[in-house]
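To start, the structure under review is shown below, and the notes come after it.
There are 2 protein chains.
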Amino acid sequence: MPNGLLIPNSSTTRSASDARPRTSPSDAPLGFAAAVREWSVAIGQAAVDLGEGSLSRSARTTGSQSNRPLAILSPVSTAQVQQILEIASKHGIGVHPISRGKNWGYGDACPLGPNQVVMDLGKMNRILEVNSELCYAVIEPGVTQQQLYRHLQDHQTGLWMDSSGAGKEASLVGNILERGFGHTRYGDRFLSICGMEVVLGDGRVLNTGFGHYANAKAGRTYRYGVGPFLDGIFSQSNFGVVTKMGIWLMPAPEEFCAFFFSGENASDLPAIIDALAPLRMQGVLQSTVHVANDLRAISGRMGYPWDRAGGKTPLPDDLRAELRREFMMGAWNGCGALYGTKETVAAARKVVGRALKPFGPKFLTDRTLKTAAKLQRALRWTDWGRRMGERLQVVEPVYGLLKGIPTDEPLRGAAWRVRKPCPAVPTDPLDCHAGLMWVAPTLPSSGRAAQDLMNQLEPIYARYGFETLVTFTLITERALCCVTNVAFDGREADETARARACYEELTDTLLGEGYIFYRSGPRGMAKLTAEPSTFWDVAGQIKSVLDPAGIISPGKYLPAA
Amino acid sequence: MPNGLLIPNSSTTRSASDARPRTSPSDAPLGFAAAVREWSVAIGQAAVDLGEGSLSRSARTTGSQSNRPLAILSPVSTAQVQQILEIASKHGIGVHPISRGKNWGYGDACPLGPNQVVMDLGKMNRILEVNSELCYAVIEPGVTQQQLYRHLQDHQTGLWMDSSGAGKEASLVGNILERGFGHTRYGDRFLSICGMEVVLGDGRVLNTGFGHYANAKAGRTYRYGVGPFLDGIFSQSNFGVVTKMGIWLMPAPEEFCAFFFSGENASDLPAIIDALAPLRMQGVLQSTVHVANDLRAISGRMGYPWDRAGGKTPLPDDLRAELRREFMMGAWNGCGALYGTKETVAAARKVVGRALKPFGPKFLTDRTLKTAAKLQRALRWTDWGRRMGERLQVVEPVYGLLKGIPTDEPLRGAAWRVRKPCPAVPTDPLDCHAGLMWVAPTLPSSGRAAQDLMNQLEPIYARYGFETLVTFTLITERALCCVTNVAFDGREADETARARACYEELTDTLLGEGYIFYRSGPRGMAKLTAEPSTFWDVAGQIKSVLDPAGIISPGKYLPAA
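Dropping the structure here:
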């Protein structure tokens, strides 16, 4: 055995919060020691991390419990990923791949069960190709949003990417495989990928689309390939490890125009959705449009006002109204953008302006933003200047996101209920013990459905003493995704217990009502797969042939065999 | 044995053409007689057709050879499809499902190997739901383009569908599963489906997307569901039989505007593609745009001018130029459309007009078309009136397709090389012995690539005495699909032999150059799967668990086990 290697006791850990640990076997599984020896030979001892500190750090969670990995493996190439999986298959050790491990609120970087190792793909972070004519890139899973953004800027490619709100250091591939969504014309991110390299459980390398034809001319421009279209099965699953992905980029549009709007009253939600839905359905709005309630918006501006609320939770109604006034926001606050030529953007702007008229639409372009900034600098000592300064500070990151520029600003909201001071913009919610459990139901794009969903959510959150932080996104032409979360302080045992109970009730109620999630954290997965169905049987059968030893992320979506 | 049932000799037949029949076993496989008995009990004797006439008719092909089915089974429900497949699995009899059997030029309605039965889903032709608010329908595989179109019109739904050029009687589901494409904003048809019911080889029923949650609110509006996204694996494959499909429809746009353009010279192709590609990439053009060469356009107007060519093939250059002048068409002729509000269509029209300026763009709306028709009627005895009458007759079906209105007009082109008179618009190319082998390579959306592909095609067609009939479609934002075909008279042995050789050389050359097909007929499939690769291995493994007896369309895309 290589010197210096310690085989730690396994496996489930107390989370960063004070939540109860899962019961678990206390010893590493049979074969783990041998696997570690073989991994160390295959990828180098330095790439097999068994350090207590690393493992504890890796097990931190924004949820209420987590599984501590047995080791962290850091491959640098597809060949090493193959070797890791082959060795894992031989010894029957579960391997949970992470791209950058920023899956906050959905299970973080933690394995979904005990006795697994984490495979950290962060060192596979090459941008392998950027094609400015056909507007695509080929990247590895460790490539971050910021890294690709900088690359596109630095090389003056004239290309824009889509960025999610998950921050600068989040992986593109990781988020896309979870079918996350962003803010631009390519906001349905899974639609904008083309060709994946996937290492299967038994170490084989699969190229999807036309990728298995070495010379294919349309390999990065035509998604489907010929024969069965396989890409979908590698999203939200544990059938393989994606090691390369083609992703489509947008040519910087001739004209870009962001729009912002707000509804004064909580009851404005259905009217807002019904104003936007037809524009999305007709293709006038080609990008995702996000509509956040005041609480979500406030949580993006400040932590919970513990002092002003006198320590009381949930946020009292009068304080909520006060904050809304202070921040000059509505009960509902939305944003979206238009992309195209001068003519087409001007035309769409007219249509959007007309539809959103009751909600005071404001349009913002690079020109108006520049002018405002110039004025603000000139008048920065005046009242107007100060207020405008604040507004610009709030608007700029959102405006940027609509152009695909990554920002860490939205992460601020994750720390809403954290009691002790946090860095102004925490780039990792785990660093400030933020508790965060996403609930992300889908619904048809209709105001009625959105209001009904709100009616389901609010009493449940209230019952457990939490605020209803919520965003509705017009994610496609005819579907909404509602993103809401239980926010809590992971160090507060009582609040954490209530958060867990609240999450359980939200999940049971919403699934019971047919508001099925577009994505889920570990606790939700068990509920989503609870009913026997041919769907999950088929998924299990596909798993059984692509990962015969069942070693990739056991328990992820699919119940562990 | 039920009386009146005859077990015919199997299986490979001489095609409608004079091509050589495949060598084949001369007897039906063991178990077939028993299977027929069980099928007759399960779905009724009348739904099990063993008639010589029916079987011969079913074996007709636009290609150069085909397989005659052993029987034709006509289920009326999902339950019957399950029973058919269960019985087939038990006895090991291959079942080739067809929706309407209009897969002309890609294998028609024929099984891909000997000793199979055809399962004709034509009687499963219910439109199960139409939702005008969320703009979708749920249909069975037997629903034809014309049927859905009429339904949407008759019920004043205010909805538009996408229509392919495959004619009024073609199945929507069948074409979508082959990843065919159409002419509208929803022209990438496989993108506009939501939720499938699939009967697997062993008789289980799978519901994809959110379909397996009985109460899912977004079941027909959000495609991916949660967990692995499975839809793709049931396209261009033989893993299951799709018995229901959600398909998205478009709200009739406030404004619609078609555009037509042409390039005078053969050398205009790259400039045309390069003018259109950026508009597609920026989302200004949201629909597929089709660009056909003169030969393709001429073949849509008339049969081969045998007399004027003095019986000579391929078409002499001077006659080709003459016909181009007579029909007032260019060397390249394109069409596309704009959908939206008055403002957005007007704006896009400006942009398209500017980009296509060298190619004389003409815009056509319902208003201009109505005015022209009125004028034409008034002046129908004049020269102008006659010419305008002819033009309108040509334009109307294409204009309709851009609005999703099915037409049989494009089928005319299939009969190009047929020597004897045909009905004016044959609604079934098989009725006039049309020989038709599609070759459909994909390429990046660039003028250079399109020209290079033309340079590959033309000498091969010329060498075998055929014309290069070709369309380039800007099928997505960054890919072109080239659709070209060997057109021949299926009764002419020599021409059929040359057609087959030409197809072989086209296929070998294009695949060799990396112009991989988006879709293929039987002969191409063998070439596409010839190289061993993990891709086809994985496809085979998925097949093995979803259709363990290997009875669904053996030989389709996947090599038969």
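Listed in order, the protein sequences are those of chains A and B.
With our numbering as the guide, the letters of the first sequence map in order to residues 1 to 561.
With our numbering as the guide, the letters of the second sequence map in order to residues 1001 to 1561.
Even glycine gets a Cβ: it sits at the ideal position worked out from N, Cα and C.
Treat the numbers as computed from the prediction; the structure is a model and nothing was measured.
Which residues in the same chain have their Cβ closer than 7 angstroms to the Cβ of B:GLY1389, if we skip the five residues on either side of it in sequence? As a position in the second sequence, residue 1389 of chain B is number 389, starting the count at 1. GLN1376, ARG1380.
The beta strand (DSSP E) spanning A:GLN116 covers which residue range? Looking up residue 116 of chain A in the first sequence gives position 116. From DSSP, the beta strand (DSSP E) with A:GLN116 extends over 116-120.
Residue-chain proximity (B:ASN1215, chain A), Cβ-Cβ < 9 angstroms: In the second sequence, counting from the first residue as 1, residue 1215 of chain B sits at position 215. Judged by the 9 angstroms Cβ criterion, B:ASN1215 is in contact with chain A.
Along the alpha helix (DSSP H) that carries A:GLY385, what are the first and last residues, could you check? If you number the first sequence from 1, residue 385 of chain A lands on position 385. From DSSP, the alpha helix (DSSP H) with A:GLY385 extends over 383-402.
Give, in chain order, every residue of the segment 1122-1144 of chain B whose Cβ lies closer than 8 angstroms to some Cβ of chain A. GLU1133, LEU1134, CYS1135, TYR1136
Per-residue burial, A:LYS374 [other beta carbons within 10 Å of its own, 16 or more giving buried]: In the first sequence, the residue the question calls residue 374 of chain A occupies position 374. The residue is exposed, with fewer than 16 neighbouring Cβ atoms inside 10 Å.
Using the beta-carbon of each residue, which ones in chain B are nearer than 7 angstroms to A:ALA479? Taking the first sequence and counting its residues from 1, one reaches residue 479 of chain A at position 479. In chain order: ALA1218, THR1221, TYR1222.
Buried or exposed by the 16-neighbour rule on C-beta atoms within 10 Å, applied to B:LYS1420: For the purposes of this step, residue 1420 of chain B is taken as the residue at position 420 of the second sequence. So B:LYS1420 counts as exposed.
What does B:VAL1241 pair with, by DSSP beta-bridge criteria? Counting from 1 along the second sequence, the entry for residue 1241 of chain B is found at position 241. Per DSSP, B:VAL1199.
Quick one: what's B:HIS1096 bridged to in DSSP? The sequence position of residue 1096 of chain B within the second sequence is 96, counting from 1. BP columns for B:HIS1096 point to B:VAL1118.
Using a beta-carbon distance below 9 angstroms, is A:GLY105 in contact with chain B? Start at 1 with the first residue of the first sequence, and residue 105 of chain A comes out as number 105. Chain B contact via Cβ: absent.
Use the C-beta contact count for B:PRO1397: other C-beta atoms within 10 angstroms, 16 or more gives buried, fewer gives exposed. For the purposes of this step, residue 1397 of chain B is identified with residue 397 of the second sequence, where counting begins at 1. By the neighbour-count criterion, in which 16 or more other beta carbons inside 10 Å mark a residue as buried, B:PRO1397 falls on the buried side.
Going by the CB atoms, is the gap between A:GLY447 and A:ILE272 shorter than 9 angstroms? Along the first sequence, one-based indexing puts residue 272 of chain A at 272. Along the first sequence, one-based indexing puts residue 447 of chain A at 447. Yes.
Let me know the alpha helix (DSSP H) ranges lying completely inside the segment 1149-1203 of chain B, each 4 residues or longer, listed in chain order. 1172-1177
Check whether chain A comes within 9 angstroms of B:TRP1438, counting only Cβ atoms and requiring the distance to be less than that. By one-based count along the second sequence, residue 1438 of chain B stands at place 438. No, its Cβ sits nowhere closer than 9 angstroms to a Cβ of chain A.
Would you kindly report the start and end of the unbroken alpha helix (DSSP H) that includes B:SER1089? Indexing the second sequence from 1 puts residue 1089 of chain B at position 89. Taken as a continuous stretch (DSSP letters only), the alpha helix (DSSP H) holding B:SER1089 covers 1078-1091.
Excluding the five sequence neighbours on either side, which residues of its own chain have a C-beta within less than 8 angstroms of the C-beta of B:PRO1069, listed in chain order? Numbered from 1 along the second sequence, position 69 holds the residue referred to as residue 1069 of chain B. Contacts found: SER1011, LEU1055, SER1058, ALA1059, HIS1096, CYS1110, PRO1111, GLN1116, VAL1117, VAL1118.
Do the segment 1359-1368 of chain B and the segment 1289-1301 of chain B meet, that is, are 3 or more Cβ pairs less than 8 angstroms apart? no
Please report the distance separating the alpha-carbon of A:LYS357 from that of A:ARG391. Working through the first sequence from its first residue, we reach residue 357 of chain A at position 357. Working through the first sequence from its first residue, we reach residue 391 of chain A at position 391. Spanning the two alpha carbons is a distance of roughly 21 angstroms.
Closest to A:GLY182 by CA distance: which of A:PRO406, A:ALA309, A:THR382 is it? For the purposes of this step, residue 182 of chain A is identified with residue 182 of the first sequence, where counting begins at 1. Answer by Cα proximity: A:PRO406.
Verify the CB distance criterion: does B:TRP1536 have a CB-CB separation below 9 angstroms to chain A? The residue given as residue 1536 of chain B occupies position 536 in the second sequence. So yes, B:TRP1536 belongs to the interface.
How many Å lie between A:GLU129 and B:GLU1504 at the Cα? Taking the first sequence and counting its residues from 1, the one referred to as residue 129 of chain A is at position 129. Taking the second sequence and counting its residues from 1, the one referred to as residue 1504 of chain B is at position 504. About 34 angstroms.
Are there 16 or more other CB atoms within 10 angstroms of the CB of A:LEU30, so buried, or fewer, so exposed? Walking along the first sequence from the start, residue 30 of chain A turns up at place 30. Looking at its Cβ environment, which holds fewer than 16 other Cβ atoms inside 10 Å, A:LEU30 is exposed.
Based on Cα-Cα distance, which residue from A:GLY227, A:ILE551, A:LEU558, A:GLU133 lies nearest to A:ASP202? Here the question's residue 202 of chain A lines up with position 202 in the first sequence. Checking every option, the nearest Cα to that of A:ASP202 belongs to A:ILE551.
Please determine, among B:LEU1050, B:TRP1536, B:SER1077, B:ARG1417, the residue with the shortest C-alpha to C-alpha distance to B:ASP1641. In the structure as shown, chain B starts at 1001 and stops at 1561, and residue 1641 of chain B therefore has no counterpart that could be examined.
At the 9 angstroms Cβ level, is A:TRP39 part of the contact set with chain B, yes or no? On the first sequence, position 39 is the one that residue 39 of chain A refers to. By this cut-off, A:TRP39 is not an interface position.
Looking at A:LEU411 and A:ASP428, is the spacing between their C-beta atoms short of 9 angstroms? For this step, residue 428 of chain A is matched to residue 428 along the first sequence. For this step, residue 411 of chain A is matched to residue 411 along the first sequence. It is a contact, given that the beta carbons lie within the stated cut-off.
Determine the extent of the alpha helix (DSSP H) in which A:CYS563 is found, giving its start and end residues. Residue numbering for chain A in the displayed model covers 1 to 561; residue 563 of chain A lies beyond these limits and cannot be assessed.
Pair within 9 angstroms by beta-carbon distance, B:SER1533 and A:ASN207: Numbered from 1 along the second sequence, position 533 holds the residue referred to as residue 1533 of chain B. Numbered from 1 along the first sequence, position 207 holds the residue referred to as residue 207 of chain A. In contact: B:SER1533 and A:ASN207 (Cβ atoms closer than 9 angstroms).
Residue range of the beta strand (DSSP E) that A:ASN455 falls in? By 1-based counting over the first sequence, the position of residue 455 of chain A is 455. It is not in any beta strand (DSSP E) - A:ASN455 instead sits in the alpha helix (DSSP H) that spans 447-463.
Does B:ASP1231 have its Cβ less than 9 angstroms from a Cβ in chain A? Your numbering for residue 1231 of chain B matches position 231 in the second sequence. Yes, its Cβ sits closer than 9 angstroms to a Cβ of chain A.
Any idea which residues DSSP pairs A:LYS362 with across the strands? Counted from its first residue, the first sequence places residue 362 of chain A at position 362. According to DSSP, A:LYS362 bridges with A:PHE260.
Is there at least one non-hydrogen atom of the ligand ATP closer than 8 angstroms to the beta-carbon of A:LEU295? This structure does not include the ligand ATP; it has no bound ligands of any sort.
Counted within 10 angstroms of its Cβ, other Cβ atoms place A:SER26 as buried (16 or more) or exposed: In the first sequence, the residue the question calls residue 26 of chain A occupies position 26. The pLDDT assigned to A:SER26 is 48, lower than 50, so where the model puts this residue is not dependable; a value taken from the coordinates is nonetheless given after this. By the 10 Å Cβ count, A:SER26 comes out exposed.
With respect to the beta strand (DSSP E) encompassing A:ILE139, which residues constitute its N-terminal and C-terminal limits? Position 139 of the first sequence holds residue 139 of chain A. A:ILE139 -> beta strand (DSSP E) spans 136-139.
Within the 9 angstroms Cβ cut-off, does B:PHE1472 reach chain A? The residue you call residue 1472 of chain B lines up with position 472 of the second sequence. Judged by the 9 angstroms Cβ criterion, B:PHE1472 is not in contact with chain A.
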